[in-house]
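Here the structure comes first, spelled out in structure tokens, and everything after it is commentary.
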Amino acid sequence: MTAFLLKGIFDIYCVCVCCFLLGIILVPLRGIFLLLVLMVMWPVSVMITFRQSLKGAVEPMTGWRRFMHKRVMTFLGRLYFFGMGFRVVVKGKQASSVKAPILAVAPHSSFFDAIVCIEAGLPSTVSRSESLEAPVFGRFLRCVQPVLVSRKDPDSRRNTILEIERRAKSGGHWPQVLIFPEGTCTNRSCLITFKQGAFVPGVPVQPVLIKYPNKARLLLLTLCQLYTAVEVEFLPPQIPTEMEKKCPIKFAQSVRAVMAESLGLPVTDHTYEDCRLMIAAGELTLPMEAGLVEFTKISRKLELKWDSVKKELESFANIACSCKGGRITIEEFASFLKLPISPALQELFSLFDRNGDGTIDFREYVIGVTVLCRPANNEEVIQTAFKLFDIDEDNCITQEEFSSLLRSALGVCDLDVHSLFKEIDTDGSGHITYGLFIVVSVLFILPKPIQWGKKVFSQPPIVQVLPLKKMREACNFHHRYTSTMRDKMRKKIQKITL
Numbered sequence: 001m002t003a004f005l006l007k008g009i010f011d012i013y014c015v016c017v018c019c020f021l022l023g024i025i026l027v028p029l030r031g032i033f034l035l036l037v038l039m040v041m042w043p044v045s046v047m048i049t050f051r052q053s054l055k056g057a058v059e060p061m062t063g064w065r066r067f068m069h070k071r072v073m074t075f076l077g078r079l080y081f082f083g084m085g086f087r088v089v090v091k092g093k094q095a096s097s098v099k100a101p102i103l104a105v106a107p108h109s110s111f112f113d114a115i116v117c118i119e120a121g122l123p124s125t126v127s128r129s130e131s132l133e134a135p136v137f138g139r140f141l142r143c144v145q146p147v148l149v150s151r152k153d154p155d156s157r158r159n160t161i162l163e164i165e166r167r168a169k170s171g172g173h174w175p176q177v178l179i180f181p182e183g184t185c186t187n188r189s190c191l192i193t194f195k196q197g198a199f200v201p202g203v204p205v206q207p208v209l210i211k212y213p214n215k216a217r218l219l220l221l222t223l224c225q226l227y228t229a230v231e232v233e234f235l236p237p238q239i240p241t242e243m244e245k246k247c248p249i250k251f252a253q254s255v256r257a258v259m260a261e262s263l264g265l266p267v268t269d270h271t272y273e274d275c276r277l278m279i280a281a282g283e284l285t286l287p288m289e290a291g292l293v294e295f296t297k298i299s300r301k302l303e304l305k306w307d308s309v310k311k312e313l314e315s316f317a318n319i320a321c322s323c324k325g326g327r328i329t330i331e332e333f334a335s336f337l338k339l340p341i342s343p344a345l346q347e348l349f350s351l352f353d354r355n356g357d358g359t360i361d362f363r364e365y366v367i368g369v370t371v372l373c374r375p376a377n378n379e380e381v382i383q384t385a386f387k388l389f390d391i392d393e394d395n396c397i398t399q400e401e402f403s404s405l406l407r408s409a410l411g412v413c414d415l416d417v418h419s420l421f422k423e424i425d426t427d428g429s430g431h432i433t434y435g436l437f438i439v440v441s442v443l444f445i446l447p448k449p450i451q452w453g454k455k456v457f458s459q460p461p462i463v464q465v466l467p468l469k470k471m472r473e474a475c476n477f478h479h480r481y482t483s484t485m486r487d488k489m490r491k492k493i494q495k496i497t498l
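In the UniProt record's numbering, the protein residues as written are 1 to 498.
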């Protein structure tokens, strides 16, 4: 994280001098004070968690444990951050666990954000189960009765959401659950997409804003400052509508909009998954920015999973490997498909190139592959394809009609489709009826006929053109490259406002 957000060399020089002079006195004193506070906090946390299960709390704390947790540990926590030099200003009023069982805190930028947990009275948090094993701080974490997430358990995500929902609907018996809905740290310049975990229960959520007016943010620089200003603002609880209860995504977007407006920050649909894609792009020798696709928006509208997008990134890298900018040009596109640059190929390229800049970036590639190459077997598409083949409109397709359209679509004038037509025309009548065309269209979409298709396309031109492509792509080439289906595909892509 950037240490300073200052302008000019003189400002940086002045801050460094001040930090040095103050640090000589403040850092040793604060270090001793923090050590003393920790020496008191640890035995208190041991008392509170004595004979408590390491697998997570089953019932909320009661009696003296609850008093020690809510009063003593909260006081010691505030004393700890005071010793670090934090001056906290709290705005708004925190709602009770009955009125707002969940606290959504944003933006999340550093471990200093734990100060919100102290100011909120040590509510429960969501944490990895491995964190409980950490020395000293593992005990502190157990005091807040966290909702545990296990990386080893494949059902952990579902169980975590169910546990949050159980606590949120306990009628105030459990402490509030504090969640950082962004799911990762950001640079505080905007609010990224919120995770749905805090909004799935469909209960009121109280937004909590955290601001750092100070410029220096590194730990050592923080200790060297006279004080570090922090603002914690509790906004009014947000009660979900009936529609938002059924759709956590809309509830999350609504709460994020309220928080962004109060913070004066924009919102973005980038998520932690985009960071993972950026890292994957770097490993594939692509520019890291090539992985920025606004994953949440694309996955929601195109019904894609992260693994699928990651796989497409690897395919994209194979095509764009010779391009330093991480974009596919028409030449690379043609080279990968082993096709000449023809008007038909240029039309296909333009369908992928949504912004018309003459290149295809990864985002355009994912959208294009998903929309254009996704299997389609609905009646309307099959009817349109049949009409395109049936040039003389006699409700049957001859070998000449079949051959003519495929040649123009693929841009290969010497294409021999005799063996393919013969394989389809099983009764040897010399034409293909609409009923037979439906059967063949559906069969081409299934994964099993791939080997059969490779056998049919035994002619060298086709083997060179599509050596690794599914047979459905060859079957669908005719309507992708003709004007009628080209317009349909273009309209379909334009409707996807990504």
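Beta carbons: idealized from backbone N, C-alpha and C, even for Gly.
Treat the numbers as computed from the prediction; the structure is a model and nothing was measured.
Quick check: the region 67–83 against the region 180–189, are there 3 or more CB pairs under 8 angstroms? no
To the nearest angstrom, how far is the alpha carbon of Glu-331 from that of Pro-101? 57 angstroms
Own chain residues within Cβ distance below 6 angstroms of Thr-426, not counting five before or after: Taking C-beta separations shorter than 6 angstroms and ignoring five residues to either side along the sequence, Thr-426 has no partners in its chain.
Apart from the five residues just before and just after Gly-202, which ones in its own chain have a Cβ nearer than 7 angstroms to its Cβ? Pro-240 and Lys-245
Below 8 angstroms, can you find three or more Cβ-Cβ pairs linking the region 77–91 to the region 167–184? no
If we ignore side chains and look at the alpha-carbon of each, how far apart do Pro-204 and Val-58 end up? Annotation: Pro-204 to Val-58 spans about 23 angstroms, alpha carbon to alpha carbon.
From this set, Cys-396, Phe-86, Ile-367 and Met-243, which residue's C-alpha is nearest Tyr-227's C-alpha? Phe-86
Within 10 Å of its beta-carbon, does Ile-279 have 16 or more other beta-carbons around it, so buried, or fewer, so exposed? exposed
Taking just the CA atoms, how far does Glu-401 sit from Asp-392? 9 angstroms
Selection from Ile-115, Ser-403 and Ser-308 that minimises the alpha carbon distance to Val-88: Ile-115
Reference Gly-264, options Arg-65, Ala-106, Gln-52 and His-69, closest by Cα: Ala-106
Is it true that the CB of Phe-234 sits closer than 7 angstroms to the CB of Val-255? no
Inter-residue spacing [alpha-carbon to alpha-carbon] between Asn-355 and Lys-152: Between Asn-355 and Lys-152, the C-alpha separation is close to 43 angstroms.
Where the beta strand (DSSP E) containing Phe-86 begins and where it ends: 86–91
Rounded to whole angstroms, how far is the Cβ of Ala-95 from the Cβ of Pro-237, which I believe are closer than 8 angstroms? Rounded to whole angstroms, the Cβ separation of Ala-95 and Pro-237 is 5 angstroms, and the two are in contact under 8 angstroms.
At which residue ranges does the region 211–277 contain complete alpha helix (DSSP H) runs of 4 or more residues, listed in the order of the chain? 219–224, 242–246 and 248–263
Would you please state the rounded distance, in angstroms, between the beta carbons of Thr-268 and Ile-192? I believe it to be under 8 angstroms. 6 angstroms
Which same chain residues, not among the five before or five after Gln-42, have their C-beta less than 7 angstroms away from its C-beta? Rather than Gln, the amino acid found at residue 42 in this sequence is Trp. For Trp-42, where only same-chain residues beyond five positions count, the Cβ hits under 7 angstroms are Val-136 and Arg-139.
Less than 7 angstroms between the beta carbons of Ser-97 and Gly-172, yes or no? yes
List the whole-angstrom C-beta distance separating Cys-396 from His-431, where the pair is believed to meet the contact cut-off of C-beta under 8 angstroms. 4 angstroms
Same chain only: Cβ atoms within 7 angstroms of Gln-196, ignoring 5 sequence neighbours per side: Pro-248, Ile-249 and Ala-252
Cβ-based neighbour list, Ser-131, same chain, cut-off 6 angstroms, excluding 5 preceding and 5 following: Leu-141
State the DSSP-derived secondary structure class of Val-40, mapped to helix, strand or coil. Val-40 falls in the helix class under three-state DSSP.
Mind checking whether Ile-25 and Ala-104 have CB atoms under 7 angstroms apart? no
If we call anything under 7 angstroms between Cβ atoms a contact, is Phe-333 one with Phe-362? no
C-beta atoms of Val-126 and Val-147 nearer than 7 angstroms: yes
DSSP beta-bridge partners of Pro-207: Ala-104
To the nearest angstrom, report how far apart Ser-429 and Ser-403 are at their CA atoms. Between Ser-429 and Ser-403, the C-alpha separation is close to 16 angstroms.
Let me know if Pro-213 comes out buried or exposed under the rule of 16 or more other beta-carbons within 10 Å of its beta-carbon. exposed
Got a sec? Which residues, its chain only, sit under 8 angstroms from Leu-34 by beta carbon, not counting five neighbours each side? The answer, listed in chain order, is Tyr-80, Gly-83 and Met-84.
On a CA-only basis, which of Tyr-365, Glu-347, Cys-275 and Val-27 is nearest Glu-182? Give me that one, please. Cys-275
Using 10 angstroms around the beta-carbon of Trp-174, count the other beta-carbons present and answer buried if the total reaches 16, otherwise exposed. buried
Using 7 angstroms as the threshold, is the C-beta distance between Asp-113 and Ile-210 below it? In contact: Asp-113 and Ile-210 (Cβ atoms closer than 7 angstroms).
Selected residue, minimal CA-CA separation from Val-232, among Ala-257, Ile-319, Arg-157 and Gln-206: Gln-206
Skipping 5 residues on each side, what residues in its chain have a beta carbon closer than 6 angstroms to that of His-108? In the same chain as His-108, and ignoring 5 residues on each side of it, the C-beta atoms closer than 6 angstroms to its own belong to Phe-180, Glu-182 and Cys-185, in chain order.
How long is the line joining the alpha carbons of Gln-52 and Trp-64, rounded to whole angstroms? 14 angstroms
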